[in-house]
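Protein chains: 2
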Amino acid sequence: MSLGDFLFGKPLASFEDSEQRLGPLAGIGVFGLDALSSAAYGPEAALTLLIPLGALGIQYVVPISTGIIVLLTIVFISYLQTIAAYPGGGGSYTVARENLGPHAALLAAAALIVDYILVVAVGISAGVGALVSAIPSLQPHTLAICLGILVAVTLVNLRGIRETGNVFMVPTYAFILSLLAAIVWGLVKALLSGGHPTPVIPPSPLKGTATVAGAWVLLQAFSSGCTAMTGVEAVSNGVKAFREPAVQSARRTLTAIIGILILMLGGIAWLARLYQVGASDPGEPGYQSVLSQLVAAVSGHGVFYFATMASVVVVLALSANTAFSDFPRLCQIVAGDGYLPHGFTSRGRRLVFSQGIYVLAFLAGLLLFIFNGVTDRLIPLFAVGAFLAFTLSQAGMVVHWKRNGGRGARQSMFINGLGAIATAITLVVVLSAKFLEGAWVTVLLIPSLLILMFAVHRHYNAVGKELELKTPLDLTHLNPPIVVVPIQSWNKIAQKGLRFAINLSTDVYVLQVKIGESEDLRASWCHLVEGPILELGLPVPKLTVVESPYRLLFRPILDFVTGLAGKYPDRYIAVLIPELVEGHWYHYFLHNQRAAVLKGLLLLKGNQRINVVNVPWYLTE
Amino acid sequence: MSLGDFLFGKPLASFEDSEQRLGPLAGIGVFGLDALSSAAYGPEAALTLLIPLGALGIQYVVPISTGIIVLLTIVFISYLQTIAAYPGGGGSYTVARENLGPHAALLAAAALIVDYILVVAVGISAGVGALVSAIPSLQPHTLAICLGILVAVTLVNLRGIRETGNVFMVPTYAFILSLLAAIVWGLVKALLSGGHPTPVIPPSPLKGTATVAGAWVLLQAFSSGCTAMTGVEAVSNGVKAFREPAVQSARRTLTAIIGILILMLGGIAWLARLYQVGASDPGEPGYQSVLSQLVAAVSGHGVFYFATMASVVVVLALSANTAFSDFPRLCQIVAGDGYLPHGFTSRGRRLVFSQGIYVLAFLAGLLLFIFNGVTDRLIPLFAVGAFLAFTLSQAGMVVHWKRNGGRGARQSMFINGLGAIATAITLVVVLSAKFLEGAWVTVLLIPSLLILMFAVHRHYNAVGKELELKTPLDLTHLNPPIVVVPIQSWNKIAQKGLRFAINLSTDVYVLQVKIGESEDLRASWCHLVEGPILELGLPVPKLTVVESPYRLLFRPILDFVTGLAGKYPDRYIAVLIPELVEGHWYHYFLHNQRAAVLKGLLLLKGNQRINVVNVPWYLTE
């Protein structure tokens, strides 16, 4: 087994694609981790903004969560429809492209690309952050652990989507089961105690004392809680990754993900109110996350508590996986339209779009490296991308229904319109609330990416136009090329080159650049070459010897070749370069690398009519 | 003015060589610094071994120095004769090669190569060591200063030998004049005081109390003092660097160097006895070098003292220059005989052998880096190389006189024989005295270098034999090659490649490797290619379409080419690779680099009959 097979698995043939596809069960692990893991930080984000309100704030948890769940449901329905309408995948990008035009589509794509890169860095960093706060001795190794997880997730994803699904199944279901169990346990306890359960371990005391809640605070809490919605678009980007019937499998997966997410969000909100759990300030000593307080209140600090918290940490760290499934697919679709390098469209050995995986891993790794593994400051950034994409996708679906009509089109239009307005408002709130905290970076990044994508498209268009050929092969002006053979002395390599040149053309020029005291080829030319050729009546190669007082080799050759090209404007020139190929790398220093340099220079400084023929000589030694 | 011109000076033509040559005045700065600077440490090295003898030791300074001067004179006479006998340069290597055979010659070369690398590192390090002990605040920057001096010396040497001579003239003569002035001043004072001068500043008290001197101690002191002789061979290696008549110029230069050196050595010894100056232990507080004590005793701590000591520091740091003049010349001569890579024989833009300069700078820099700029521990190593070379050179001259005879041959033989025996004894003494201190490294290094040189020679011999061709051009079996054109789709690049292929041969194979859903060329082949070609009655290119289920591009092409080569064992194959050349480096990521990879793979995996034709397409965009 080769190292490549060991690391990445055996190559998969293109026809094995169908065997690689996912069912809903594995689909949740591949596309759902981003959305599901947000149950761990969405409610916390909302509650953090309610800290100043104290006990009053907790009264608002349930209505705010209800609002989020309603918005989530609208977006969910919209993506269900998107999956059916655009089974080729591409989610927001495809919807926007088909209905709003390429500019809106690229805006959505740029927003999602930025979002995904941030999600990977922030997700891994958040998981590792929770880990090192539980085991402080790991603190100095934060960056190393982050990069280790990044490499592991990258490797798993390079091994193909089915293997990814299998690997991520266990942590995903451990997380879902333990969190749902905690919620059910807490609700049952509350029910048995008549709605007033006694926490096993009491939550942190609430400090705020406000008696009136301002609308702006509630709106901010709502929009912060909306970070729980990121990752909802994931399935719609990857419809093609699902088992046939793909649309049905994808819709089932999305439904399962959103169903579980709603249960979690609603359950956490309800429990927070019942057990009077509020957020505490992460900067203060004795900080505990809302989820940790909740589970401790329900179950105490037993095995269950630690198992649940461990699964939360693992899922946070692995939430990056969703981006690894979606980013390459999104880039592939955008690259297919010519707005990103073509490389994104090639499938690697395991049928995944490897280049996208590499690029994502590199960029996220760079972010982790720059921020030394602590990316808290990036958290405000990534909701912007997601909500921009949501808004464009919803707006696109409105146009879609308007155009296509059909049964229930009016209702769908209404729902998507409502969704578009709601997500647009959320976007504006997030942007204005978090602008100075860092959201401005996204506002710079997305347009830069847009400009880049347009530049790529312009370049490809120009090249495409330049190379396009609809007509059959043009056979006018066929003419053997003028062949130039640079030779330094007479040996078997030179003979091989000259023989090959005579095979190719009747116009052969031999060029010797004389440096220092090397032997002049003119002395023996008649005996070595002219004689035998005249004997056979063949056209004689023309020998030119050039003195090079400054010991330059390449410039005289280039000058000679471009001179010939100028003299014969209707002829092709073939520069024939005899090259010694060393058998061992350590012979590199023993032979000059003139042939390689000359090939490079001719390519760099040449023109349309100068071609290079490389005649290798392999040492038998 | 280009950056290259600014750093290295304008290129020099080969015919400008004679203007670059040196007279004796500049020659002393270029070839003499190593020998002259050793006056600063040779006597000190001898006196250090005499410390245990106290005042008694100082009695032995004059006889020991006399011995060294006698040996120096013998070696000097020998090299004077060498210069006349071998005006091509190469010193010990050439003498040994001509008289003792290639093994002895390579032994001398290896010894000198090791010697020169060490001399550069140790010389710079010693100068910087003296500097930082005078200005301790520079201590933390020792390595940086060392490497800075190394780069400066390298740059000066790359600018050509005449410029080097000019640059080094000032420090050389400042050193010579100030040191000779100190000696004369001291001797005059002693004379005026009737042989018992009062030191202006008394030297360090003598601690040793021995009353009898052992022979082994005296022998060790003698051999340590002999380090003053390193660098004597320098002129003989570089005879060709001197102005015509080169032999005369070189001999004059050598005579001047040795004359000044003898004056210095004798003067220092005499003064040490007159002023009762002994060495002190460098490890102890209040350490002062012998030279510093002497000059202070003669002149006090005035301007003269500081100027003299400054010139000593500068000359120590620049003594590396001799190695920079000699090492590349030695390597060039050895490479010319095929025992080192041919690259050493090419002259750079300023007519010096640049590769030797680069290699020396790199290796010495590596040593400085490894030892962090403090190379005291390397000092015992380098006398070994020098004395090995001396011995071989003297022995070679004995054989030379025996063979050639002539006037005075007997006396010369006697002198050289005496020299050979004396230097051989010194070598043995140095080796045994310093073996454990580090000289064993040299004993390992020199044979390793020898083995390497023999391996290089074997390789060049084998290649030379394989490529040698004495017969005229063989014109049997001329036959146009089979041309293979890999094409992915029909466009102008493909058309250009196909047209060129048709120009070259009547046997053209077009190969399409089908990956994924790309268009099958067979569908349009008849319309695009076959039709127009049949119309003109030309032979039709054969199209092969290969499916590649594992999405590999290169392997199918390589398989096809090697398959053809196997099928037609008497034909050459030319693989014609159309290539898009990007106009800007930042377009690199936008286009696949398949052409470049394929060219590389074909060269690596190909065979004698597979050639590569590169047809570039330059984007006009």
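Here the protein sequences come in this chain order: A and B.
Per my numbering, residue 24 is the first one in the first sequence, and the count goes up by one each step.
Per my numbering, residue 24 is the first one in the second sequence, and the count goes up by one each step.
Quick reminder that beta carbons are idealized off the backbone N, C-alpha and C, glycines included.
Within the region 512–527 of chain B, those residues whose Cβ lies closer than 9 angstroms to any Cβ of chain A are, in chain order, Trp513, Asn514, Lys515, Ile516, Ala517, Gln518, Lys519, Leu521, Arg522, Phe523, Ile525, Asn526 and Leu527. Listed along chain A, the residues sitting closer than 7 angstroms to leucine 642 of chain B by beta-carbon distance are Val486 and Glu489. Three or more beta-carbon pairs separated by less than 8 angstroms are not found between the region 170–190 of chain B and the region 290–307 of chain B, which leaves the two stretches without contact. In chain order, Leu613, His614 and Asn615 make up the part of chain A whose C-beta sits under 9 angstroms from the C-beta of histidine 365 of chain B. Taking CB atoms only, serine 37 of chain B has a neighbour in chain A less than 7 angstroms away. Under the three-state reduction of DSSP, valine 506 of chain B is assigned to strand. Distance from the Cα of valine 223 of chain A is smallest, within the candidate group A/Ile140, A/Arg266 and A/Gln299, for A/Gln299. The count of Cβ pairs closer than 8 angstroms, one atom from the region 522–531 of chain B and one from the region 502–513 of chain B, reaches three, so the stretches are in contact. Looking only at A/Gly408, A/Leu294 and A/Ser471, the smallest Cα-Cα distance to threonine 449 of chain A is reached by A/Gly408.
Sequence-distant Cβ neighbours of proline 75 of chain B in its own chain, meaning closer than 7 angstroms and more than five residues away, are Gly231 and Ala233. Glutamate 602 of chain A has A/Pro639 as its beta-bridge partners, per DSSP. Chain A places no beta carbon closer than 7 angstroms to that of glutamine 316 of chain B, leaving this residue out of the contacts. Counted as a single uninterrupted DSSP element, the beta strand (DSSP E) harbouring leucine 566 of chain A occupies residues 565–570. Residue pairing by DSSP places phenylalanine 265 of chain B opposite B/Leu45 in a beta bridge. C-alpha of phenylalanine 54 of chain A to C-alpha of asparagine 637 of chain A: approximately 50 angstroms in a straight line.
Chain-order list of chain A residues neighbouring isoleucine 556 of chain B: Leu496 and Leu498, by C-beta distance under 8 angstroms. A direct Cα-Cα distance of roughly 30 angstroms separates valine 569 of chain A from leucine 45 of chain B. The beta carbon of glutamine 631 of chain B falls within 7 angstroms of a beta carbon belonging to chain A, placing the residue at that interface. Look at asparagine 260 of chain B here: in three-state DSSP terms it is helix.
Contact annotation: the region 33–47 of chain A does not touch the region 325–332 of chain A, with fewer than three C-beta pairs closer than 8 angstroms.
Looking at the DSSP output, tyrosine 532 of chain B sits in a beta bridge with B/Val507 and B/Lys565.
Contact note: leucine 492 of chain A reaches chain B through Trp513, Asn514, Lys515, Ala517 and Gln518, using a C-beta cutoff of 8 angstroms and chain order. A distance of 7 angstroms or more separates the beta carbons of alanine 588 of chain B and isoleucine 600 of chain B. Check the Cα spacing between valine 598 of chain B and each of B/Asn634, B/Lys565 and B/Arg574: the tightest is with B/Asn634. Look at the beta carbons and you see the region 134–147 of chain B not touching the region 366–380 of chain B: under three pairs across the two are nearer than 8 angstroms. Serine 25 of chain A and lysine 212 of chain A have their C-alpha atoms roughly 56 angstroms apart. Closest in C-alpha terms to alanine 257 of chain B, from the list B/Gly32, B/Leu627, B/Ser416 and B/Gly237, comes B/Ser416.
When secondary structure is reduced to three states using DSSP, isoleucine 283 of chain A falls in the helix class. With a threshold of 16 other beta carbon atoms within 10 Å, tryptophan 239 of chain A falls short and is exposed. Spatial neighbours of cysteine 249 of chain A in its own chain (CB-CB distance under 8 angstroms, excluding positions within 5 residues in sequence) are listed in chain order as Gly65, Ile91, Leu94, Ala406, Phe410, Thr449 and Val453. The Cβ atoms of alanine 134 of chain A and alanine 128 of chain A lie no closer than 7 angstroms to each other. Taking 7 angstroms as the CB threshold, arginine 578 of chain B stays off the interface with chain A.
Of A/Gln243, A/Ile168 and A/Leu294, the smallest CA-CA separation from glycine 218 of chain A is found for A/Leu294. It is roughly 7 angstroms from the alpha-carbon of asparagine 630 of chain B to the alpha-carbon of tyrosine 641 of chain A.
DSSP places lysine 537 of chain A within a strand segment (E or B) once states are collapsed to three. Of the residues B/Glu121, B/Lys515, B/Pro555 and B/Ile285, the one whose Cα lies closest to the Cα of serine 61 of chain B is B/Ile285.
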